[in-house]
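A.B. asks: Sharing a structure, written as structure tokens. Questions coming.
Residue numbers (my numbering): 2 to 614.
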């Protein structure tokens, strides 16, 4: 059937292949998506034969609550045999799910008219109508059954229902119908329990004991009452029922589960206020392990599994908590506790990552995140990746941090990490020359977190670079702020050198000189030569200040001696100029030849002057 539907869709695709316009194609895509979605919705996620067999097994084991769960897994188009429907109807009825029991029983009665199976189904319907307190329907249906084939088949059952629900006399022998009585009262107990009529349910339990003489069922009855009161928030009363079960029905399944509940209540009462003895944790975890292995099909197993990862979180056993949560999410994907499990999973992975990183086990931390990457993405938990990336970042391996930071950004991180993540990604983008990406990330950072990062050295570094395009003095002020902060030294050097180069390039020679004199700027001879060359004709006052400082620092520099000779010559101080040329000629430099030639020129000039005079 499924293949036929898919084939029909493929044929449909071929028939519309002539559609050319973008709008038409988009409409077709939407239509196909809807059709395929309907197919997926009708496809059962679990083989129906498997579910039906599990229902039969649960019925044989008298695990009627399990039948309630399994019935919900049946597809709406599941094909059941009448005898399977009857098992399902009876199981639901005994579990107290009378509305659904009636629905299945009526199907059996319709398919197996005038048969014993139909009469058994009609008995379930009649009993359920009594529980639903539909007096008029009870009367009409009962009389209809008495007049027909089932009147003879149910000759004992119908009067027994009248006895139990209407108080009429029963002429048969109670001893012979104890099994039937136990079923009717068991169904009634479960129905009243689910309706929240706990007092009536307890009275039904005592009536069950009185009429059947069977006290073995008491453990289940009173455990269920304890569960019902626990669900209502009455822990004290619930505890009394659990204690009753343990004292009167010890070694039973109900007793085991009651002991678990008492440990659970003790744990929850002390949680967050006082630490419990280690033995209490061990015992409680032991009960949880047994519940998961022995009673995995019961709803309490889901609750126990959830409690397990809560306990491991409280104990800060992050590895066990991680395994427990993953197991829970795998086994109970539809549970309402999934959201809580996912929230804790992120917390667990953050703390587990921290522990591994503190122990210098970076490789192990990365392996854990790689293994759980899909779940971390599903839980929108990028914080562990941020921690990994930050290890690389703090060790100045900026490119190594890019991968983890990118995943952290995509998966999502908490607010504190978000501002740091945006800042560090901005820095990496800047370092890699990704200008557009840097601008996008940095603008987002400033828009949301500017006040919180104003004093961060990496922010000051990036901001100084950003504003240096228009405000060199402002950039220099930011350098002064970042100078004594925890920024790698080479970045500080890079920043002040950048501002110096920009000042030179834009002709802001005064600022360039301020930077030249700054103790953080490692001024070289070439820096003085450049500034002297630029200010020689442009800014005499600045030139003289730089010149005086350059002579002190580099008195034998050939380039500075050359500038010195030219400077004195320009001023008309030929004596000092001659000295400068003389000293230049004595240097071991390519410029020495200039000094030597100048010296010869002066000597020739002196001879010529002697001849003249």
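Virtual Cβ for every residue (Gly too), placed ideally from N, Cα, C.
Predicted model, so just to flag it, every value in this text is computed and none were measured.
Report yes if the C-beta distance between residue 402 and residue 429 is below 9 Å; otherwise report no.
C.D. replies: yes
A.B. asks: Beta carbon of residue 75, beta carbon of residue 49: below 9 Å?
C.D. replies: yes
A.B. asks: With burial defined as no fewer than 16 other Cβ atoms inside 10 Å of the residue's Cβ, what is the status of residue 216: buried or exposed?
C.D. replies: Counting Cβ neighbours within 10 Å, residue 216 comes out exposed, since fewer than 16 surround it.
A.B. asks: First and last residue of the alpha helix (DSSP H) that includes residue 175?
C.D. replies: Element bounds for residue 175: n/a, residue is neither H nor E.
A.B. asks: Report the residue from 336, 456, 285 and 418 whose alpha carbon sits nearest the alpha carbon of residue 257.
C.D. replies: 285
A.B. asks: For residue 115, which of helix, strand or coil comes out of DSSP?
C.D. replies: coil
A.B. asks: I think residue 154 touches residue 126, with their Cβ atoms under 8 Å apart; what is that distance to the nearest whole Å?
C.D. replies: Contact flag wrong, Cβ pair sits at about 14 Å.
A.B. asks: Looking at C-alpha atoms only, which residue of 68, 81 and 169 is the closest neighbour of residue 93?
C.D. replies: The option with the nearest alpha carbon to residue 93 is 68.
A.B. asks: Please classify residue 225: is it buried, with 16 or more other beta-carbons within 10 angstroms of its beta-carbon, or exposed?
C.D. replies: buried
A.B. asks: Compute the minimum distance between the beta carbon of residue 291 and the heavy atoms of the ligand GTP, and state whether it is under 8 Å.
C.D. replies: Ligands in the displayed structure: none, and consequently the ligand GTP is not present.
A.B. asks: Looking only at its chain, what residues have a beta carbon closer than 6 Å to the beta carbon of residue 120, apart from the 5 residues adjacent to it on each side?
C.D. replies: 151, 154 and 155
A.B. asks: The alpha helix (DSSP H) that contains residue 322, what's its start and end?
C.D. replies: 319-332
A.B. asks: For residue 533, count neighbouring C-beta atoms within 10 Å of its own C-beta (all shown protein chains included) and say buried if the count is 16 or more, exposed if not.
C.D. replies: buried
A.B. asks: Closest to residue 192 by CA distance: which of 147, 227, 131 and 283 is it?
C.D. replies: 131
A.B. asks: Under a Cβ-count criterion, where at least 16 other Cβ atoms within 10 Å of its own Cβ denotes burial, should residue 196 be classed as buried or exposed?
C.D. replies: By the neighbour-count criterion, in which a residue is buried when 16 or more other Cβ atoms sit within 10 angstroms of its Cβ, residue 196 is exposed.
A.B. asks: When you compare the CB positions of residue 247 and residue 231, do they come within less than 9 Å of one another, or not?
C.D. replies: no
A.B. asks: Three Cβ pairs or more, each shorter than 8 Å: is that satisfied between the region 487-497 and the region 524-539?
C.D. replies: no
A.B. asks: Counting Cβ pairs, one atom from each stretch, are 3 or more of them under 8 Å apart for the region 57-71 and the region 281-301?
C.D. replies: yes
A.B. asks: For residue 510 and residue 480, what's the separation of their Cα atoms in angstroms?
C.D. replies: 18 Å
A.B. asks: Helix, strand or coil for residue 509, going by three-state DSSP, please let me know.
C.D. replies: coil
A.B. asks: Identify, in the order they occur along the chain, each residue of the same chain with its Cβ nearer than 7 Å to the Cβ of residue 408, setting aside the five sequence neighbours on each side.
C.D. replies: 383 and 386
A.B. asks: For residue 21, which residues of its own chain have a beta-carbon under 6 Å away from its beta-carbon, when the five flanking residues on both sides are left out?
C.D. replies: Its pLDDT being 45, under 50, residue 21 is placed unreliably by the model, and the measurement read from it follows with that caveat. The answer is none, since no qualifying residue turns up.
A.B. asks: Cα separation between residue 404 and residue 390?
C.D. replies: 7 Å
A.B. asks: Can you say whether residue 234 is buried or exposed, counting buried as having 16 or more other CB atoms within 10 angstroms of its CB?
C.D. replies: Exposed is the label assigned to residue 234, since fewer than 16 other Cβ atoms lie within 10 Å of its Cβ.
A.B. asks: Give me the Cβ distance between residue 162 and residue 128, rounded to the nearest whole Å; I'm assuming they're in contact under 8 Å.
C.D. replies: 6 Å
A.B. asks: Flag this pair as touching only if the region 173-185 and the region 202-222 have three or more C-beta atom pairs under 8 Å; answer yes or no.
C.D. replies: yes
A.B. asks: Quick check: what's the CA-CA separation for residue 165 versus residue 329?
C.D. replies: 44 Å
A.B. asks: Ordered along the chain, which non-local residues of its own chain (more than five positions away) have a Cβ less than 6 Å from that of residue 568?
C.D. replies: none
A.B. asks: Just curious, the alpha helix (DSSP H) that residue 430 is in, first and last residue?
C.D. replies: 416-432
A.B. asks: Assuming residue 388 and residue 355 make a contact with CB atoms under 8 Å, what is their CB distance in whole Å?
C.D. replies: That belief holds up - the Cβ atoms of residue 388 and residue 355 are roughly 6 Å apart, short of 8 Å.
A.B. asks: Please return the same chain residues whose Cβ sits closer than 7 Å to the Cβ of residue 363, not counting the five positions on each side in sequence.
C.D. replies: Excluding positions up to five away in sequence, the list reads 392.
A.B. asks: Evaluate the contact criterion for the region 304-311 versus the region 335-344: three or more CB pairs, one atom per stretch, below 8 Å.
C.D. replies: yes
A.B. asks: Under three-state DSSP, which class holds residue 549?
C.D. replies: helix
A.B. asks: Can you name, in chain order, every residue of its own chain whose Cβ lies under 7 Å from the Cβ of residue 96, other than the five neighbours on each side?
C.D. replies: By the criterion of a C-beta distance shorter than 7 Å, residue 96 is surrounded in its chain by 65, 66, 68, 69 and 191, once the five residues flanking it on both sides are discounted.
A.B. asks: If you draw a straight line from the alpha carbon of residue 552 to that of residue 507, how long is it in whole angstroms?
C.D. replies: 26 Å
A.B. asks: Assign residue 218 to one of three DSSP states: helix, strand, or coil.
C.D. replies: coil
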